[in-house]
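Be aware that the sequence shown starts at 6, since it is given in the numbering used here, and climbs by one per residue. Single-structure report; data block below.
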Amino acid sequence: MTSSTSPAEAPRSTYSEAGVDTAAGDLAVELMKSSVRATQGPEVLGGVGGFAGLYDASFLKEYRHPLLATSTDGVGTKVAIAQALDKHDTIGQDLVGMVVDDIVVTGAKPLFMTDYIATGKVYPERIADIVRGIAEACSATGTALVGGETAEHPGLLGPDDYDVAGAATGVVEKDEMLGAHLVQPGDAILALESSGIHSNGYSLVRHILKNAGLGYNDHAADLGTTWGEALLTPTRLYTLQLLNLIRNVPGSVHALSHVTGGGIAANLARVLPKGSWAEVDRASWSPSPVFRALSDVAGTSLESSEGTWNLGIGFFAVVAQDKVDEAVASLAADGIPAWQTGTVAFGDAPEDGFEQGAKGVDGGAVRLVGQYADGAK
Numbered sequence: 006m007t008s009s010t011s012p013a014e015a016p017r018s019t020y021s022e023a024g025v026d027t028a029a030g031d032l033a034v035e036l037m038k039s040s041v042r043a044t045q046g047p048e049v050l051g052g053v054g055g056f057a058g059l060y061d062a063s064f065l066k067e068y069r070h071p072l073l074a075t076s077t078d079g080v081g082t083k084v085a086i087a088q089a090l091d092k093h094d095t096i097g098q099d100l101v102g103m104v105v106d107d108i109v110v111t112g113a114k115p116l117f118m119t120d121y122i123a124t125g126k127v128y129p130e131r132i133a134d135i136v137r138g139i140a141e142a143c144s145a146t147g148t149a150l151v152g153g154e155t156a157e158h159p160g161l162l163g164p165d166d167y168d169v170a171g172a173a174t175g176v177v178e179k180d181e182m183l184g185a186h187l188v189q190p191g192d193a194i195l196a197l198e199s200s201g202i203h204s205n206g207y208s209l210v211r212h213i214l215k216n217a218g219l220g221y222n223d224h225a226a227d228l229g230t231t232w233g234e235a236l237l238t239p240t241r242l243y244t245l246q247l248l249n250l251i252r253n254v255p256g257s258v259h260a261l262s263h264v265t266g267g268g269i270a271a272n273l274a275r276v277l278p279k280g281s282w283a284e285v286d287r288a289s290w291s292p293s294p295v296f297r298a299l300s301d302v303a304g305t306s307l308e309s310s311e312g313t314w315n316l317g318i319g320f321f322a323v324v325a326q327d328k329v330d331e332a333v334a335s336l337a338a339d340g341i342p343a344w345q346t347g348t349v350a351f352g353d354a355p356e357d358g359f360e361q362g363a364k365g366v367d368g369g370a371v372r373l374v375g376q377y378a379d380g381a382k
């Protein structure tokens, strides 16, 4: 049986007709070039658009025993709010916060980062906004943005859909690496203030608003702005401030914990040694208004979200007890409020209710105690 349609009459099948616009991709690269280059020092070789980013690592010969630290992450469903509001200039900072601030937990200085953006359709100005946010945050953390990829996936993602991810590499001297091995009985646990929800628990956030019939453009009276604007508050960056603390107050920092997925107790437990325990005193701070507002809408307690949201604590620093005042002063000078919220103990924990074993780490045990302070801390 033969077809009645001749080859000349058959529907054309080209890349553009499949939904991929390579010209738009090229324009996006042109729009982002200047912001990317602003993150790069002389150690970055080559220009934007190469097959691979090149980074001169010859300075590592100055290290006695360099360890490379690496991390990769995304920002989860927070991108859904950026897409709904058509506001894309802050999500890049969220990405850098999730990736680069994980590296500093080891005491490592970040070196370079790459990003990946998958989208249903390339809108050059939108992609440039996202990458500009990434680049500005890389500059704020001392990280070179050496490369990336924008991929158009029509049919898999909707025209206005996208997701972002990234990976970064840093370096730390082996005998200067931070971690549970340095933690001592009596060490103080400092809480470092977050800027809000950061980039974790947004599936719960979106579920709460949907169930309450609230839109992102609706005014949130307790927050003084719309829900969408409040929820897009960018993730606070901690890298340079923590590296300054390590340098300016030598021997003060024993371990660091980035409070991301899993919440407060679980993330702190990951950086404490096995056989240790700590109680985090809720009375030492008041959760940020956005957490209270969401809990009120959901009809739930703040305590019920401690395993999902950071509730106002973006980082923990476990420091020597005699260095607490200096550490708090160093962080405050760099714009990060911090306060002591607990102390590390060793031996059997006094009662039940402790969390440990998060992310497969057989570390210490942590629980939250007391009641949250009222109002602003």
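Cβ atoms here follow ideal geometry from the backbone N, Cα and C, with glycine treated the same way.
Using only alpha-carbon positions, find the residue among the options that is nearest to residue i.
i    : options                   : result
T265 : A74, G81 and K66          : G81
R137 : S257, D120, K126 and G125 : D120
A133 : E154, A113 and A149       : E154
D78  : L65, E130, D107 and L90   : D107
A149 : V110, Q189 and V101       : V101
A334 : G368, I251 and G312       : I251
S40  : E141, R69 and G125        : E141
G184 : D227, H259 and A378       : H259
G362 : L161, S281 and C143       : S281
E419 : L162, K215, T95 and G163  : A query on residue 419 cannot be resolved here, the shown segment of the chain reaching from 6 to 382 and no further.
A325 : P255, P342, I269 and A338 : P255
N216 : L228, T231 and A303       : A303
L277 : V210, F321 and A338       : F321
V295 : Y377, N249 and V210       : V210
V188 : P342, N249, F351 and V84  : F351
Using DSSP's beta-bridge definition, name the partner residues of residue i.
i    : result
C344 : It is Trp, not Cys, that sits at residue 344 in the sequence shown. W344 is bridged to A196.
M118 : L150 and A173
G79  : A170
T124 : E157 and Y167
P71  : E178
S40  : None, per the DSSP bridge assignment.
R372 : E284
I318 : E198
V349 : A283
Using a Cβ-Cβ cutoff of less than 6 Å, which residues in the same chain neighbour residue i once the five nearest sequence positions on both sides are dropped?
i    : result
T346 : I194, A196, V285, D286 and S289
S200 : T238 and R241
L72  : V177 and K179
Q45  : A149
Take residue i and list the residues in its own chain whose beta-carbon comes closer than 8 Å to its own, dropping the five residues that flank it on each side.
i    : result
S208 : G81 and T82
K364 : G267, A271 and R275
L59  : V49, L50, G51 and V151
Y68  : V176 and E178
M6   : Note on M6: pLDDT 42, under 50, position unreliable in the model; the coordinate value appears next. Answer for M6: no residue qualifies.
I318 : A196, L197, E198, S199, V264, I269, W290 and T346
G230 : At residue 230 the sequence reads Thr, which differs from the Gly that was named. Taken in chain order, the residues that qualify are H224.
G340 : Q246
Between the C-alpha atoms of residue i and residue j, what's the straight-line distance to the nearest angstrom?
i    : j    : result
W344 : G191 : 16 Å
A298 : V349 : 32 Å
E360 : A370 : 5 Å
K382 : S291 : The pLDDT assigned to K382 is 38, lower than 50, so where the model puts this residue is not dependable, and the model offers no usable value.
A354 : K279 : 12 Å
E356 : D180 : 36 Å
D5   : V104 : In this structure the chain extends from 6 to 382, so residue 5 is not present and cannot be described.
S293 : G368 : 28 Å
R42  : W314 : 35 Å
I122 : G97  : 10 Å
E157 : G220 : 29 Å
K328 : Y128 : 50 Å
G218 : G312 : 25 Å
L247 : T111 : 11 Å
V109 : E308 : 28 Å
L65  : A74  : 13 Å
T19  : K126 : Because T19 sits at a pLDDT of 49, beneath the cut-off of 50, its placement in the model cannot be relied upon, and the point is left open.
L236 : C143 : 22 Å
A113 : V323 : 16 Å
A87  : A172 : 21 Å
H93  : H203 : 15 Å
M118 : I213 : 34 Å
A85  : A226 : 22 Å
Y377 : L316 : 10 Å
N205 : L90  : 19 Å
S385 : N222 : With the chain covering 6 to 382 only, the question about residue 385 has no answer from this structure.
Heavy atom of the ligand FAD less than 7 Å from the Cβ of residue i, yes or no?
i    : result
G201 : The model on display carries no ligand, and the ligand FAD is accordingly not part of it.
Taking 7 Å as the limit between beta carbons, can you name the residues of its chain near residue i, skipping five residues before and five after?
i    : result
T146 : V101, V105, P115, L242, T244 and L245
S306 : S300
A57  : G152
R372 : A270, E284, G358, F359 and E360
L228 : A235, P294, V295 and A298
R131 : H93
Please go through the segment 207-253 and give each complete beta strand (DSSP E) segment of 3 or more residues, from N-terminal end onward.
-> If only complete runs of 3 or more residues are kept, the segment 207-253 shows no beta strand (DSSP E) anywhere.
Residue ranges of each beta strand (DSSP E) run of no fewer than 3 residues wholly in the segment 246-312, ordered along the chain?
-> Runs of the beta strand (DSSP E) inside the segment 246-312: 258-263 and 281-286.
Within the segment 84-118, note down every full alpha helix (DSSP H) run reaching 4 residues or more, in order along the chain.
-> The segment 84-118 contains these whole alpha helix (DSSP H) runs: 96-108.
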